[in-house]
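S.K.:
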Amino acid sequence: MLACEGLRKQFGDRTAVDDVSFSIAEGECYGLLGPNGAGKTTTIAMVCGLLEPDGGTATIDGAPAGSLEAKAAVGFVPQELALYPDLSATENLRFFGQLYGVGGQRLERRIRETLELVGLTERATERVGTYSGGMKRRANIAAGLLHEPKLLILDEPTVGVDPQSRNSILETVGHLGIAVLYTTHYMEEATKLCRRVGIIDSGRLIAEATPAQLISDHGGQDRVRLTCAPDCIDSLAEACRHLEGVSAVNVLEGGLELQSDHGATVLTRVVDTASRIHAELTGVEVMAPNLESVFLSLTGKELRD
Amino acid sequence: MVITCIVAPLALAAILGFAFATGGSNGHLTIGVSGTSTALVNAAEHATQLPPNVTVRQIATGSTLKKEVANGTLAGGVILSGPHDKLTNLLIPIVDPGASHSPGFDVVSSPSSLSGQQWAESLAAGLASRFYAGRLQPGSATDRAAISITSETLGNAGRGVLNYFAPSIAVVFLFVGSGLGMRSLLLERSTGTLVRMAAAPIRPNRIVLGKLLAIFITALVSILVVWGVTTVVFGADWGPPLGVFLMCLGAALAMSGLGVFLTSLAKDEQGAFGISLIVGLVLALLGGNLLPPGALPRPFQILALGTPNGWALVGFGRLSLLGEPTSSVIGPFLILLVIAAITGALALTRVRRMVRP
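Chains as they are written, first to last, in our numbering: chain A, 28 to 332; chain B, 208 to 564.
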């Protein structure tokens, strides 16, 4: 459905996108995960035909990105709430639907269907300016789905949205059944929604695989965080170093962090050991590797600012 | 947009219409006459061709007349002073009232009554002309029915003001309106709807032309509505319809192009709003839109020809004030088209950059 090969974009001296290549099959949800300024939006802009690439190609269903055929196949949901606040949701959809060549009864039917899909049927005739942030985001998505695109591109669609609306959006996107390119800096969203994830940083695609594969390859080990009384830290650290399954012990302020391939199993031994040496544990947390730790492992940086 | 392009100029036209369309005079006016010549005073009191709401009353003395003008009892007055038998210093009266006073006929007026001043001047001119004519034909100066008062000028002066200012102000609003249209494009860019449009399967040029066409059509409708309403409701006469339409079309094209181009230089919609108002005001002042015809000093009248609204006023003035035919505005119309072509091309370039990658 989407094939990007060696995409490149430069703004002055700054290379915003550097040799990015990826593809999305029909019906596949692909996530582009990276922090702010990584090049996600620039990549999307080139795919949507909003920016001319300085190098590389992108094709959508065989048509070059930016062509009328490619644009007709893409439903774009920008990061900004690209709706007219003085018009109702219905009026907005009617206008944008007509831009995509949807008209007459088909347009009215699609307006009803998309509003129902995003849960805005009851507020359809009210001005978008009166909506909550979450509702505006949902209306934004509806506008991208109106013309039944083959590829839906969502650029950070849950930014600034309450958790309930966020879940609603994720659920909606998850059940679409069409090809989706989803950019985000929330690793939970990428993990939950996407069959494959590309990790992008500083304009380069540094890794690409299923979330499980990425975590397995780059996520590192489980981390067990312990908090205890300050006078017990040293003795507990020494005791844990000799425990089976613990590969490393780091002393932190107020506690310890252990690394292990099987954090849950090691935890039992840690609790027994602490009890034996009379070290009182006040807090225990087991953190399995995730995309955030993958990103940290690959780039040395946190995923979020 | 509707408020700025249609409601605002209509409101201004309505104000002008109500103020000037009926000649600007309301109610009954009394003009006082006093002086040494009993015959002339009597002739004035019984002057013919006075409209029903104007009467002339004899006042005992000049000082009383001045007092009554000052306190508003009289709208104006004429004091006949000096020996009118001696005519050596009498100047030929000027037919157009208000142009100058004849010696021996002192016009007394109050700033609060423009109409009173005009009638008093008209009466003085009438008296002077009859007296001058009477000199050539001794005795006829005392003919009571021979004093003629021209009533055309004041009435036409009011409607003439409307004929001038209605198109004048409508032209200024063309710039403001087109600037606001461009502002809406900047707003679309900042809210993201322009991006959504650019992502749709539409050629970028169509978006650009669509936006510019909407701005031009709004401008044209705006000035046509003001023309229609002031003509039908207030009896304004802008001139021959074809000529007026050509000037409306030319002015809408030129002012739209200029408005869009200048406003596109703004970084955001707030800046665009400021530019459209400030530049609109400057253009209006430079072009003479806010002043009576001919009020600008000569160098500024030449400078006004550097503005599209200045050329629009040349065309509209020829039609409404000078009563010239449609052919007289071909020149200004063509100049406006040239301005429109240049500014339109510049505007197209700026807007295209906003829409295309």
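Ideal placement from N, C-alpha and C gives every residue a C-beta, glycine not left out. Since the structure is predicted, the reported quantities are computational estimates derived from the model, not experimental observations.
Does the beta carbon of alanine 578 of chain B come closer than 8 Å to any beta carbon on chain A?
M.R.: It is not possible to answer for residue 578 of chain B, since the shown part of chain B is limited to 208 through 564.
S.K.: If we define contact as Cβ-Cβ less than 8 Å, is tyrosine 127 of chain A a contact residue for chain B?
M.R.: Locating residue 127 of chain A in the first sequence gives position 100, counting from the first residue. Yes - at least one Cβ of chain B is within 8 Å of the one on tyrosine 127 of chain A.
S.K.: Would you check if the distance between the CB atom of leucine 208 of chain A and the CB atom of isoleucine 87 of chain A is smaller than 8 Å?
M.R.: Stepping through the first sequence from its first residue, residue 208 of chain A is reached at position 181. Stepping through the first sequence from its first residue, residue 87 of chain A is reached at position 60. It is not a contact, given that the beta carbons lie outside the stated cut-off.
S.K.: Output yes or no for whether 8 Å exceeds the beta carbon distance between isoleucine 71 of chain A and isoleucine 180 of chain A.
M.R.: Translated into the one-based positions of the first sequence, residue 71 of chain A becomes position 44. Translated into the one-based positions of the first sequence, residue 180 of chain A becomes position 153. Yes, Cβ-Cβ distance for isoleucine 71 of chain A and isoleucine 180 of chain A is below 8 Å.
S.K.: Would you say alanine 109 of chain A reaches chain B, if we count a Cβ-Cβ gap shorter than 8 Å as a contact?
M.R.: Residue mapping note: residue 109 of chain A aligns to position 82 of the first sequence, counting from 1. Yes, contact with chain B.
S.K.: Quick check on this structure: which residue in A:Gln125, A:Ile233 and A:Asp258 has the alpha carbon closest to the alpha carbon of valine 61 of chain A?
M.R.: Position 34 of the first sequence holds residue 61 of chain A. The amino acid at residue 61 of chain A is misidentified as valine; the sequence shows glycine. Nearest option by C-alpha distance: A:Ile233.
S.K.: Taking all protein chains shown into account, do 16 or more other C-beta atoms lie within 10 angstroms of the C-beta of asparagine 260 of chain B, making it buried, or fewer, making it exposed?
M.R.: The count along the second sequence starts at 1 and reaches residue 260 of chain B at position 53. Result: exposed.
S.K.: When you compare the CB positions of glutamate 183 of chain A and glutamine 106 of chain A, do they come within less than 8 Å of one another, or not?
M.R.: As a working note, residue 183 of chain A is residue 156 in the first sequence. As a working note, residue 106 of chain A is residue 79 in the first sequence. Contact flag set, yes.
S.K.: Which residues share a DSSP beta bridge with threonine 84 of chain A?
M.R.: Stepping through the first sequence from its first residue, residue 84 of chain A is reached at position 57. Partner(s): A:Glu32.
S.K.: Tell me the DSSP secondary structure of proline 345 of chain B in three-state form.
M.R.: Here residue 345 of chain B corresponds to residue number 138 of the second sequence, with the count starting at 1. Bear in mind that a pLDDT of 38 at proline 345 of chain B, under 50, signals an unreliable position, so the number given afterwards is only what the model happens to contain. Proline 345 of chain B: coil per DSSP, three-state reduction.
S.K.: State the Cα-Cα distance for the pair glutamate 284 of chain A and valine 311 of chain A, rounded to the nearest angstrom.
M.R.: Here residue 284 of chain A refers to the residue found at position 257 when the first sequence is read from its first residue. Here residue 311 of chain A refers to the residue found at position 284 when the first sequence is read from its first residue. Taking the straight line from one Cα to the other gives about 10 Å.
S.K.: Considering only C-alpha positions, which residue in the set B:Thr271, B:Gly279, B:Ala277 and B:Ser241 is nearest to valine 263 of chain B?
M.R.: Sequence index remark: in the second sequence, residue 263 of chain B carries index 56 (1-based). The candidate whose alpha carbon is nearest that of valine 263 of chain B is B:Ser241.
S.K.: What residue range is occupied by the uninterrupted beta strand (DSSP E) comprising valine 240 of chain B?
M.R.: For the purposes of this step, residue 240 of chain B is identified with residue 33 of the second sequence, where counting begins at 1. Taken as a continuous stretch (DSSP letters only), the beta strand (DSSP E) holding valine 240 of chain B covers 236 to 242.
S.K.: List, in order along the chain, the chain B residues whose C-beta lies closer than 9 Å to that of glycine 89 of chain A?
M.R.: The residue given as residue 89 of chain A occupies position 62 in the first sequence. Within 9 Å Cβ-Cβ: nothing; glycine 89 of chain A doesn't reach chain B, min ~15 Å.
S.K.: Measure the Cβ-Cβ separation of methionine 462 of chain B and proline 539 of chain B and say whether it is below 8 Å.
M.R.: Here residue 462 of chain B is taken as the residue at index 255 of the second sequence, counted from 1. Here residue 539 of chain B is taken as the residue at index 332 of the second sequence, counted from 1. For methionine 462 of chain B and proline 539 of chain B, no; Cβs fall outside 8 Å.
S.K.: Within the continuous beta strand (DSSP E) that includes serine 48 of chain A, where are the two ends?
M.R.: The residue labelled residue 48 of chain A in the question sits at position 21 within the first sequence. Where serine 48 of chain A is concerned, the enclosing beta strand (DSSP E) stretches over 41 to 51.
S.K.: Output the distance between the C-alpha atoms of glycine 225 of chain A and leucine 59 of chain A, rounded to the nearest integer angstrom.
M.R.: Residue mapping note: residue 225 of chain A aligns to position 198 of the first sequence, counting from 1. Residue mapping note: residue 59 of chain A aligns to position 32 of the first sequence, counting from 1. About 5 Å.
S.K.: Measuring only between beta-carbons, confirm whether proline 105 of chain A sits less than 8 Å from chain B.
M.R.: Counted from its first residue, the first sequence places residue 105 of chain A at position 78. Taking Cβ atoms only, chain B reaches closer than 8 Å to proline 105 of chain A, which makes this a yes.
S.K.: List the residues that DSSP assigns as beta-bridge partners of glycine 310 of chain A.
M.R.: Along the first sequence, one-based indexing puts residue 310 of chain A at 283. A:Thr254, per the DSSP bridge assignment.
S.K.: Would you decide whether aspartate 313 of chain B is buried or exposed? Buried here means 16 or more other CB atoms lie within 10 Å of its CB.
M.R.: Translated into positions along the second sequence, residue 313 of chain B becomes position 106. That one is buried.
S.K.: Which residues, in chain order, does the region 378 to 402 of chain B contribute to contact with chain A at a C-beta distance below 7 Å?
M.R.: The residues in question are Thr398, Gly399, Thr400 and Val402.
S.K.: From what residue to what residue does the beta strand (DSSP E) around asparagine 277 of chain A run?
M.R.: Indexing the first sequence from 1 puts residue 277 of chain A at position 250. From DSSP, the beta strand (DSSP E) with asparagine 277 of chain A extends over 273 to 279.
S.K.: Find out if the Cβ-Cβ distance for the pair glycine 466 of chain B, leucine 526 of chain B is shorter than 8 Å.
M.R.: Against the second sequence, residue 466 of chain B aligns to sequence position 259. Against the second sequence, residue 526 of chain B aligns to sequence position 319. Contact flag unset, no.
S.K.: Report the CB separation of arginine 250 of chain A from glutamine 286 of chain A in whole angstroms; it is logged as a contact under 8 Å.
M.R.: Reading the first sequence from its first residue, position 223 is the one you call residue 250 of chain A. Reading the first sequence from its first residue, position 259 is the one you call residue 286 of chain A. Contact flag correct, Cβ pair sits at about 6 Å.
S.K.: How would you list, in chain order, the residues of chain B whose beta-carbon sits under 8 Å from the beta-carbon of leucine 172 of chain A?
M.R.: Reading the first sequence from its first residue, position 145 is the one you call residue 172 of chain A. Here the premise fails: no neighbours, minimum Cβ distance about 13 Å.
S.K.: Relative to the C-alpha of valine 285 of chain B, which residue among B:Asn249, B:Asn278, B:Leu330 and B:Ala267 is closest?
M.R.: What you label residue 285 of chain B is simply residue 78 of the second sequence in a count that begins at 1. It is B:Leu330.
S.K.: By alpha-carbon positions, which one of A:Asp45, A:Asn317 and A:Ala206 ends up nearest to glycine 33 of chain A?
M.R.: As a first step, residue 33 of chain A must be located in the first sequence, where it is residue number 6. Of A:Asp45, A:Asn317 and A:Ala206, the residue nearest in Cα terms is A:Asp45.
S.K.: Give the straight-line distance between the Cα atoms of cysteine 259 of chain A and aspartate 288 of chain A, rounded to the nearest whole angstrom.
M.R.: Taking the first residue of the first sequence as position 1, residue 259 of chain A is located at position 232. Taking the first residue of the first sequence as position 1, residue 288 of chain A is located at position 261. Looking at the two C-alpha atoms, the distance is approximately 25 Å.
S.K.: Am I right that arginine 559 of chain B and proline 447 of chain B are in contact with their C-beta atoms under 8 Å? What's the rounded C-beta distance?
M.R.: Position 352 of the second sequence holds residue 559 of chain B. Position 240 of the second sequence holds residue 447 of chain B. No, arginine 559 of chain B and proline 447 of chain B are not in contact; Cβ-Cβ is about 38 Å, not under 8 Å.
S.K.: Pull out every residue of the region 30 to 64 of chain A whose Cβ sits closer than 7 Å to any Cβ of chain B, in chain order.
M.R.: Correct list: empty, as no residue qualifies.
S.K.: Could you confirm whether any beta carbon from chain A is found closer than 8 Å to the beta carbon of methionine 561 of chain B?
M.R.: For this step, residue 561 of chain B is matched to residue 354 along the second sequence. Answer no: the Cβ-Cβ gap between methionine 561 of chain B and chain A never drops below 8 Å.
S.K.: At a Cβ threshold of 8 Å, is methionine 404 of chain B touching chain A?
M.R.: Within the second sequence, residue 404 of chain B is the residue found at index 197, counting from 1. So, interface residue.
S.K.: Determine the DSSP secondary structure at glutamine 106 of chain A, reduced to helix, strand or coil.
M.R.: Numbered from its first residue, the first sequence carries residue 106 of chain A at position 79. The answer is coil: DSSP assigns glutamine 106 of chain A none of H, G, I, E or B.
S.K.: Are the CB atoms of leucine 272 of chain B and valine 315 of chain B nearer to each other than 8 Å?
M.R.: As a working note, residue 272 of chain B is residue 65 in the second sequence. As a working note, residue 315 of chain B is residue 108 in the second sequence. Yes; because the gap between Cβ atoms is below 8 Å, this pair is in contact.
S.K.: Can you give the Cα-Cα distance for valine 278 of chain A and cysteine 56 of chain A, rounded to whole angstroms?
M.R.: As a working note, residue 278 of chain A is residue 251 in the first sequence. As a working note, residue 56 of chain A is residue 29 in the first sequence. Near 41 Å, if we compare the C-alpha coordinates of cysteine 56 of chain A and valine 278 of chain A.
S.K.: So which residues on chain B does phenylalanine 123 of chain A lean against when the C-beta distance must stay under 7 Å?
M.R.: As a first step, residue 123 of chain A must be located in the first sequence, where it is residue number 96. Under the 7 Å cutoff, chain B gives Arg403.
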